[in-house]
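Heads up: the structure comes next, in structure tokens.
Chains as they are written, first to last, in the numbering used here: chain A, 883 to 1044; chain B, 15 to 565.
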């Protein structure tokens, strides 16, 4: 699986741990929200950082106080049509001030990357490989952005003289 | 009307490029059908029974003659010569080839048009009062706000994969001609006690499988808060709307299951968090408003010019058209003229390319080069000098768009039905034609007064059957086409859903049943009572007895 970050393909440096998999003594892992809440103390005792995986239905409020601990939050796309993650991304960035890496992972397609980029996602780990060039092009699909979102703090009417 | 600046133009041009690439990838097998579906739907493209169908947006129903000529060109060049004007102020082409759709979009972009978000689970074309700007009962022109919402909703990064489609309508008048009570969000321009103009916000109306009248969740919203409030509603819907069942995914179901008070609290809480970050500036409102200035009206006397008045005495055909298809204008000496897209033996809302070109030419000559399309599937010349009515009528008649039946029983709203739509369970156009053929006597038609007959070929309700005074819904019964009738619906100020008359009626008996209903009305009405008033006064029982008594 290819991961695109900052315009380059990178190696998968994180182990995405299933809920029933044993926690390895070392190495970077991501865990589900459920597991984080259940095994928070043990996970915090590990030497390496822990990343968090969120599903479309997860509420960010539940981990608001912990958010800044995570160097990585993964938004897991079970299906490309589930738009809840777009709201979740914006809330993480704009309401909860999450400044770490925000990664889309799973079943999304290149045509959604323009939107994902706009709501604050900065790394892409799609089920079907997408080249770094295609990601870059997708981000530039539209040179005009009417709305304020995570990437643009103001709507077009405040950014440009119209 | 609104003119694109370089930003608006760039966005539609870039959309054409994007969709050309997506279509090529699909045709090359690089996108699966499942992946391509949401992409093409967000461009109004359906792949169905006979051929693809492309739905083109006519934002809030407003067309320049240049745009209408382009619609004619597209009908001629890419389709079988005609287009179908819909109940949501869009136009549909039923026969384009998939690989030529990008070229159609490029042609549309050249006249500031597009098919962006005309389908799919996203914010759809914003609709409005078709006589906005010329209506005498208007508090403020709603179209600048429609355009502001159009821009806000176009490629909204957060709200492009909603649980289901999302429709917004705006009206600025006392009489609701935009059906705001049956939209996901309805906005009514209102004045508060301080004299300030803002919006009443309705949420959760809708037709389709579970028709519901919308609820007012905020009686007054300041203009500066328009976009932040919309964003708050959409965010609550996007996060909490049901995604497990597409028939329960509209915001109306969320509103119902959450409860109006709890839903409103959720929206208000979300809004408090964002209202100061997303302000609709007065300067932006003024910028957009400047595009909707009045045409250069002349100073004319209020009375009907003598020559025209005389024609209404001497020429009964003209008199009927004047009486039924033209309406009062807020400026003395002008009339609002409706073009009927409901002549006999033509599917409601259809125009061929020659008619479109001719209408464009007439609009240039008689109505400042602008045309409006209505959600009742007709067209409007909003600014016609009364002195020119007879000249205009003569030409409209030649083009078959002067049938004097606006708001009458033959002004039928009808979806394409089984003949064109893959969702339909039953045909609708043949039903409309059969009912129409029973109403060929104009004296009888006028005696029936204002009457809205709406026909849908399935419960998705594109023909708005639930808000027809008489609603007709096609259902499939073991492979046969049957029809469910309702009475008493309305999408106007006193919005209501029609009440079911009784068991479904077989296809050959539908026109008879409608005839019986009309006859019953004539027998039982009080003096000057409209069909709708009669149904509301006496209920449906007398109609049931007559319709089902015979069988």
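No residue lacks a Cβ here, since even glycine has one placed at the ideal position from N, Cα and C.
Being a predicted model, the structure only gives us computed values, none of them experimental.
Sheet register partners of residue i (DSSP bridge)
i: residue 106 of chain B; result: B/69 and B/98
i: residue 393 of chain B; result: B/353 and B/387
i: residue 412 of chain B; result: Residue 412 of chain B pairs with nothing; no bridge assigned.
i: residue 1008 of chain A; result: A/988
i: residue 498 of chain B; result: B/487
i: residue 201 of chain B; result: B/184 and B/215
i: residue 398 of chain B; result: B/349
i: residue 78 of chain B; result: B/384
i: residue 342 of chain B; result: B/349
i: residue 504 of chain B; result: B/510
i: residue 898 of chain A; result: A/912
Segment limits, alpha helix (DSSP H) that includes residue i
i: residue 55 of chain B; result: 47-55
i: residue 311 of chain B; result: Taken as a continuous stretch (DSSP letters only), residue 311 of chain B belongs to no alpha helix (DSSP H), as it is neither H nor E.
i: residue 1039 of chain A; result: 1038-1041
i: residue 225 of chain B; result: That residue, residue 225 of chain B, is in no alpha helix (DSSP H); it is neither H nor E in DSSP.
i: residue 270 of chain B; result: 265-272
i: residue 918 of chain A; result: 915-920
i: residue 335 of chain B; result: 330-339
i: residue 1014 of chain A; result: 1014-1021
i: residue 158 of chain B; result: 157-167
i: residue 446 of chain B; result: 443-451
Neighbouring residues, chain A, relative to residue i (Cβ below 9 Å)
i: residue 430 of chain B; result: The contacting residues do not exist; residue 430 of chain B stays about 26 Å from chain A at best.
i: residue 315 of chain B; result: Within 9 Å Cβ-Cβ: nothing; residue 315 of chain B doesn't reach chain A, min ~41 Å.
Proximal chain A residues relative to residue i, where beta-carbon distance stays under 8 Å
i: residue 18 of chain B; result: Here the premise fails: no neighbours, minimum Cβ distance about 11 Å.
i: residue 252 of chain B; result: 965, 966, 968 and 969
Test item: CB-CB of residue i and residue j under 8 Å
i: residue 108 of chain B; j: residue 67 of chain B; result: yes
i: residue 557 of chain B; j: residue 515 of chain B; result: yes
i: residue 1001 of chain A; j: residue 171 of chain B; result: yes
i: residue 420 of chain B; j: residue 477 of chain B; result: no
i: residue 918 of chain A; j: residue 955 of chain A; result: no
i: residue 484 of chain B; j: residue 442 of chain B; result: no
i: residue 591 of chain B; j: residue 394 of chain B; result: Chain B is shown only over 15 to 565; residue 591 of chain B falls outside these bounds and no answer can be derived.
i: residue 248 of chain B; j: residue 173 of chain B; result: yes
i: residue 75 of chain B; j: residue 156 of chain B; result: no
i: residue 288 of chain B; j: residue 245 of chain B; result: yes
i: residue 148 of chain B; j: residue 305 of chain B; result: no
i: residue 142 of chain B; j: residue 185 of chain B; result: yes
i: residue 990 of chain A; j: residue 1020 of chain A; result: no
i: residue 977 of chain A; j: residue 1032 of chain A; result: no
i: residue 216 of chain B; j: residue 194 of chain B; result: yes
Status (buried if at least 16 other CB within 10 Å, exposed otherwise) for residue i
i: residue 237 of chain B; result: buried
i: residue 261 of chain B; result: exposed
i: residue 458 of chain B; result: exposed
i: residue 284 of chain B; result: buried
i: residue 551 of chain B; result: exposed
i: residue 340 of chain B; result: buried
i: residue 278 of chain B; result: buried
i: residue 390 of chain B; result: buried
i: residue 451 of chain B; result: exposed
i: residue 1046 of chain A; result: Absent from the structure is residue 1046 of chain A, since the part of chain A shown begins at 883 and ends at 1044.
i: residue 359 of chain B; result: exposed
i: residue 41 of chain B; result: exposed
i: residue 54 of chain B; result: buried
i: residue 58 of chain B; result: buried
i: residue 290 of chain B; result: exposed
Interface residues of chain B facing residue i [CB-CB closer than 8 Å]
i: residue 991 of chain A; result: 45 and 49
i: residue 958 of chain A; result: Those within 8 Å of residue 958 of chain A in chain B number zero; the least Cβ separation is about 15 Å.
Residue i - containing beta strand (DSSP E), residue span
i: residue 933 of chain A; result: 932-936
i: residue 537 of chain B; result: Here residue 537 of chain B belongs to no beta strand (DSSP E); instead the alpha helix (DSSP H) covers 524-538.
i: residue 887 of chain A; result: 885-887
i: residue 562 of chain B; result: That residue, residue 562 of chain B, is in no beta strand (DSSP E); its alpha helix (DSSP H) goes 555-563.
i: residue 891 of chain A; result: 890-892
Proximal chain B residues relative to residue i, where beta-carbon distance stays under 7 Å
i: residue 977 of chain A; result: 287
i: residue 1013 of chain A; result: Per Cβ cutoff of 7 Å: no residues; residue 1013 of chain A is ~12 Å from chain B at best.
i: residue 1001 of chain A; result: 171 and 172
Per-residue contacts from residue i into chain A (C-beta, under 7 Å)
i: residue 25 of chain B; result: 1024 and 1026
i: residue 296 of chain B; result: Per Cβ cutoff of 7 Å: no residues; residue 296 of chain B is ~11 Å from chain A at best.
i: residue 278 of chain B; result: Within chain A, no residue comes near residue 278 of chain B; the closest Cβ sits about 19 Å away, beyond 7 Å.
i: residue 28 of chain B; result: 1023, 1024 and 1025
i: residue 249 of chain B; result: 969
Contacts that residue i makes with chain B (C-beta to C-beta distance below 9 Å)
i: residue 997 of chain A; result: 169, 170, 171, 172, 174 and 175
i: residue 1031 of chain A; result: 170, 171 and 172
Between the region 46-65 of chain B and chain D, which residues of the former have a C-beta closer than 7 Å to a C-beta of the latter?
You won't find chain D in this structure, because its protein chains are A and B.
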